[in-house]
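> Chains as they are written, first to last, in this note's numbering: chain Y, 155 to 283; chain A, 342 to 1004.
Just passing along the structure, written as structure tokens.
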């Protein structure tokens, strides 16, 4: 496989070794946001391995991930798909030059009763800088 | 005057590819004492050996240095060659220029330089070698088998068949092990008990076999051919010699709420129990944790009903010592605990079971008399989900990194049996890979799919959620269809990884037998000596060495038996002459060596010495038992006055090697 700068960037910023994946699909089997996604956790891992970063960056799937870390918790090989998804999100942000969500917006989101608490916590974790 | 011959092996390109062998021979030919140096493509070949023999005869060599592979490979070959030419075989030294040089270096110049240095050290050592003669030790013609599962049983039967005495030590009250708990065996689907129990009976009836059931190995001393083993016979509170196994006590015992461990706690039994109908020895045992009489002195029913007068509430653990020539480890396995796998709800729902529990649920002697019922409400399950690789192939730290090997086949077996007996039950098997190498194994798995209609789904279960309606919601991925499945199941069966029995580690320490990071015993050579431990006289049988199914276990058990028989038929064993000895004039009697000796080979004696002023004085000095010493050298390091020395590896020789390397 040819070296792919974007793929290298994703691997570095996520710290994930995609070659450890043994294609069991437990991440996708456990994902609570499955129905909302076009690409699912195991596909994220596989597509990064194949270097198909552009497709992932243009997919809304990256914003459907709740960052609940169920896939990270349950992966038998320690691959950590959620970190891969986060890295793709970061790649998008870097390209656009701004954040997808502003830190100031987060408290307003918390007021909405339908917002999962997990999402708010994760958002703080991601955008606290 | 030393006359040393140096022989440098090419080992094809193994050595010659990175080491300039001709340059090594040339450089070493100038070393002091060297009168002959040559290189040859394969020193271990017959013509290579002849080269050594001819040189010894022609040049009257007093020492031989062979620069070749590790001495673990061909030291014996070269020693024999030297001996056949009239040179004492301990006048041969090997410089390992393959494993420790050519294989680990890429640069020819560096490797060649290092090979010369290694050769130089060996020459310096051989110049100080003295001829040694191996002594002989007798062999105790009795074997010990630790573990009474199918592996231990088969090994014991084969050893006894060859006419040798063999003892089985089993920690449970009966032999039989895991196979006794299994319902049917793959790929033939015959009943496990029907093929196992005749072998158990054979063990009981064989005059050469003695079974120490409900016993554990406490200590191991000695060495190959001469082990002394301490065995603890745990108190059963029943006299084995009197109990007839009638079972009346188990019927009358009022403590009926004791968890039945043979059925993995799926039902209960009495506090005094016989694990199962075909137990060997068929003797009752009292579970001290549940017996009222033992706990608070109130009850005594079993003692009253026992017509044989076998009940003895005051029985104590018994400690015995036996001598053995060989020891076979057959300690087996257990399924792992599932505490790290909360997502499968094993602790939350009784309807989530392990595969071994399913064996009991389907067995005629199990809690439901052979009818498969949900443990929670004893109803017939209509949808069953099997999850493969629960904790196997798991490098996250929650499970085991290896493949447990047997799960693919037993899951296919379970799925097939359920579909055969209950055709209205839908069976789903979630798999990562289906691994079925083995005679008639893949055919067996395909039969489950093609003939019995088991749904095999490539993917993994992510979560099992117990529902209010008593069902289990299984969320899983179907990777081939690219969808997430939600199945409402009545039961979920987890193929839990298997791990070596917990007792194996402490046993390995007692036996000084090595283990890998997963606590499986290491074999002496992974390909060529698969049933021997690197520790002489210790043999391996069954899953204690690595995951394997019943046919493989039985094959390995017989192989281990063959190795034991090969050892026990010998009347005497040649012992290693490279053993420790004490220089009594230097020994100050401090006992340091006695404390570090792992074999108990060193004792202290009072000896009379003549003093310079013509008086005599009694001094306490170390004395080495040559038959027990294994030449490990620990004492030579511990001795503060330098009195301890090892023949063949003397302090002087080792210093000469170091000097030669630093020259």
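Beta carbons are placed, not taken as given, at the ideal position from N, Cα and C, and that holds for glycine.
Measure the beta-carbon distance from residue 769 of chain A to residue 799 of chain A and round it to whole angstroms, keeping in mind my assumption that it falls under 8 angstroms.
Numbered from its first residue, the second chain carries residue 769 of chain A at position 428. Numbered from its first residue, the second chain carries residue 799 of chain A at position 458. That belief does not hold up - the Cβ atoms of residue 769 of chain A and residue 799 of chain A are roughly 12 angstroms apart, past 8 angstroms.
> Is any beta-carbon of chain Y found at less than 8 angstroms from that of residue 838 of chain A?
One-based indexing of the second chain puts residue 838 of chain A at position 497. For residue 838 of chain A, the answer is no, since every Cβ of chain Y falls outside 8 angstroms of its Cβ.
> Residues of chain Y with CB closer than 7 angstroms to the CB of residue 804 of chain A, please, in chain order.
Numbered from its first residue, the second chain carries residue 804 of chain A at position 463. The answer, in chain order, is 184.
> Quick check on residue 949 of chain A: buried or exposed, where buried means 16 or more other Cβ atoms within 10 Å of its Cβ?
The residue given as residue 949 of chain A occupies position 608 in the second chain. Residue 949 of chain A should be labelled exposed.
> Counting C-beta neighbours from all protein chains within 10 Å, is the total for residue 841 of chain A 16 or more, i.e. buried, or is it exposed?
Counted from its first residue, the second chain places residue 841 of chain A at position 500. Classification for residue 841 of chain A: buried.
> Should residue 176 of chain Y be flagged as near chain A, meaning a C-beta pair shorter than 8 angstroms?
As a position in the first chain, residue 176 of chain Y is number 22, starting the count at 1. Yes, contact with chain A.
> Could you tell me whether any Cβ in chain Y is nearer than 8 angstroms to the Cβ of residue 817 of chain A?
The count along the second chain starts at 1 and reaches residue 817 of chain A at position 476. Chain Y contact via Cβ: present.
> Please report the Cβ distance between residue 511 of chain A and residue 467 of chain A, rounded to the nearest whole angstrom; I am assuming they are in contact, meaning their Cβ atoms lie under 8 angstroms.
Translated into the one-based positions of the second chain, residue 511 of chain A becomes position 170. Translated into the one-based positions of the second chain, residue 467 of chain A becomes position 126. Not a contact, Cβ separation roughly 50 angstroms.
> Taking residue 438 of chain A and residue 419 of chain A to be in contact with their CB atoms under 8 angstroms, please state how far apart those CB atoms are, rounded to whole angstroms.
Mapped onto the second chain, residue 438 of chain A falls at position 97. Mapped onto the second chain, residue 419 of chain A falls at position 78. Rounded to whole angstroms, the Cβ separation of residue 438 of chain A and residue 419 of chain A is 14 angstroms, and the two are not in contact under 8 angstroms.
> For residue 735 of chain A, which residues in chain Y fall below 7 angstroms Cβ to Cβ?
Residue 735 of chain A sits at position 394 when you count from the first residue of the second chain. What residue 735 of chain A touches in chain Y: 230.
> Can you tell me which residues form a DSSP beta bridge with residue 532 of chain A?
Here residue 532 of chain A refers to the residue found at position 191 when the second chain is read from its first residue. According to DSSP, residue pairing for residue 532 of chain A in a beta bridge involves A:525.
> May I ask you to report which of helix, strand or coil DSSP gives residue 270 of chain Y?
For this step, residue 270 of chain Y is matched to residue 116 along the first chain. Of the three classes helix, strand and coil, the one that applies to residue 270 of chain Y here is coil, per DSSP.
> Does residue 825 of chain A come within less than 8 angstroms of chain Y when only Cβ atoms are used?
By 1-based counting over the second chain, the position of residue 825 of chain A is 484. Taking Cβ atoms only, chain Y reaches closer than 8 angstroms to residue 825 of chain A, which makes this a yes.
> So the beta strand (DSSP E) residue 1054 of chain A belongs to, where does it begin and stop?
No statement about residue 1054 of chain A is possible, as the shown extent of chain A runs from 342 to 1004 and does not include it.
> Determine the closest residue to residue 572 of chain A out of A:585, A:851 and A:344, with distance taken between C-alpha atoms.
Here residue 572 of chain A refers to the residue found at position 231 when the second chain is read from its first residue. Closest option to residue 572 of chain A, Cα to Cα, is A:851.
> Since I believe residue 918 of chain A is in contact with residue 747 of chain A (beta carbons under 8 angstroms), could you give me their beta-carbon distance rounded to a whole number of angstroms?
To locate residue 747 of chain A, count along the second chain from 1; it is residue 406. To locate residue 918 of chain A, count along the second chain from 1; it is residue 577. That pair is no contact at about 46 angstroms.
> Rank A:659, A:858 and A:703 by C-alpha distance to the C-alpha of residue 741 of chain A and give the top, closest one.
On the second chain, position 400 is the one that residue 741 of chain A refers to. Distances from the CA of residue 741 of chain A to each of A:659, A:858 and A:703 were compared; the closest alpha carbon is that of A:858.
> Can you say whether residue 391 of chain A is buried or exposed, counting buried as having 16 or more other CB atoms within 10 angstroms of its CB?
As a working note, residue 391 of chain A is residue 50 in the second chain. Exposed, by the Cβ-count rule.
> According to DSSP, is residue 499 of chain A part of a helix, a strand, or is it coil?
Numbered from its first residue, the second chain carries residue 499 of chain A at position 158. Three-state DSSP puts residue 499 of chain A in a helix.
> I want to see whether chain Y comes within less than 8 angstroms of residue 828 of chain A, judged by CB atoms only; does it?
Position 487 of the second chain holds residue 828 of chain A. So, not an interface residue.
> Measuring only between beta-carbons, confirm whether residue 677 of chain A sits less than 8 angstroms from chain Y.
Taking the second chain and counting its residues from 1, the one referred to as residue 677 of chain A is at position 336. No, no contact with chain Y.
> Spatial neighbours of residue 701 of chain A within its chain, please: CB distance less than 7 angstroms, with the 5 preceding and 5 following residues excluded, ordered by chain position.
What you label residue 701 of chain A is simply residue 360 of the second chain in a count that begins at 1. Cβ within range, chain order: 522, 604, 605, 607, 707 and 708.
> I need the boundaries of the beta strand (DSSP E) containing residue 485 of chain A, first residue and last residue.
Locating residue 485 of chain A in the second chain gives position 144, counting from the first residue. Per DSSP, residue 485 of chain A belongs to the beta strand (DSSP E) from 483–487.
> Alpha helix (DSSP H) containing residue 751 of chain A: first to last residue?
Against the second chain, residue 751 of chain A aligns to sequence position 410. Per DSSP, residue 751 of chain A belongs to the alpha helix (DSSP H) from 748–762.
> At the 8 angstroms Cβ level, is residue 684 of chain A part of the contact set with chain Y, yes or no?
Taking the second chain and counting its residues from 1, the one referred to as residue 684 of chain A is at position 343. It does; some Cβ of chain Y falls within 8 angstroms.
> Is residue 556 of chain A closer than 8 angstroms to residue 575 of chain A when the C-beta atoms are compared?
On the second chain, residue 575 of chain A is found 234 positions in, with the first residue counted as 1. On the second chain, residue 556 of chain A is found 215 positions in, with the first residue counted as 1. A contact, by the Cβ cut-off of 8 angstroms.
> For residue 733 of chain A versus residue 232 of chain Y, is the C-beta spacing smaller than 8 angstroms?
Looking up residue 733 of chain A in the second chain gives position 392. Looking up residue 232 of chain Y in the first chain gives position 78. No; because the gap between Cβ atoms is not below 8 angstroms, this pair is not in contact.
> Is the CB of residue 179 of chain Y under 8 angstroms away from at least one CB in chain A?
Numbered from 1 along the first chain, position 25 holds the residue referred to as residue 179 of chain Y. Judged by the 8 angstroms Cβ criterion, residue 179 of chain Y is in contact with chain A.
> Count the CB pairs spanning the region 586–606 of chain A and the region 629–637 of chain A that are closer than 8 angstroms, and state whether there are at least three.
Yes: the two stretches touch, three or more of their Cβ pairs being nearer than 8 angstroms.
> On the CB-based measure, 16 or more other CB atoms within 10 Å of its CB, does residue 240 of chain Y come out buried or exposed?
Taking the first residue of the first chain as 1, we reach residue 240 of chain Y at position 86. Burial call: buried.
> Are there 16 or more other CB atoms within 10 angstroms of the CB of residue 212 of chain Y, so buried, or fewer, so exposed?
The count along the first chain starts at 1 and reaches residue 212 of chain Y at position 58. Classification of residue 212 of chain Y: exposed, given that the 10 Å Cβ count is below 16.
> Can you name, in chain order, every residue of its own chain whose Cβ lies under 7 angstroms from the Cβ of residue 375 of chain A, other than the five neighbours on each side?
If you number the second chain from 1, residue 375 of chain A lands on position 34. Result list for residue 375 of chain A: 345, 347, 369 and 464, in chain order.
> Using the three-state DSSP reduction, which class does residue 847 of chain A fall into: helix, strand or coil?
In the second chain, residue 847 of chain A corresponds to position 506, counting from 1. Residue 847 of chain A: helix per DSSP, three-state reduction.
> Residue 915 of chain A to residue 753 of chain A, Cα distance in whole Å?
In the second chain, the residue the question calls residue 915 of chain A occupies position 574. In the second chain, the residue the question calls residue 753 of chain A occupies position 412. Those two C-alpha atoms are separated by around 51 angstroms.
> Which residues of chain A have a Cβ atom closer than 8 angstroms to the Cβ of residue 188 of chain Y, listed in chain order?
Working through the first chain from its first residue, we reach residue 188 of chain Y at position 34. Correct list: 825.
> Counting only beta-carbon separations shorter than 8 angstroms, does residue 652 of chain A have a partner in chain Y?
Working through the second chain from its first residue, we reach residue 652 of chain A at position 311. Among the residues facing chain Y, residue 652 of chain A is not included, as its CB has no counterpart in that chain under 8 angstroms away.
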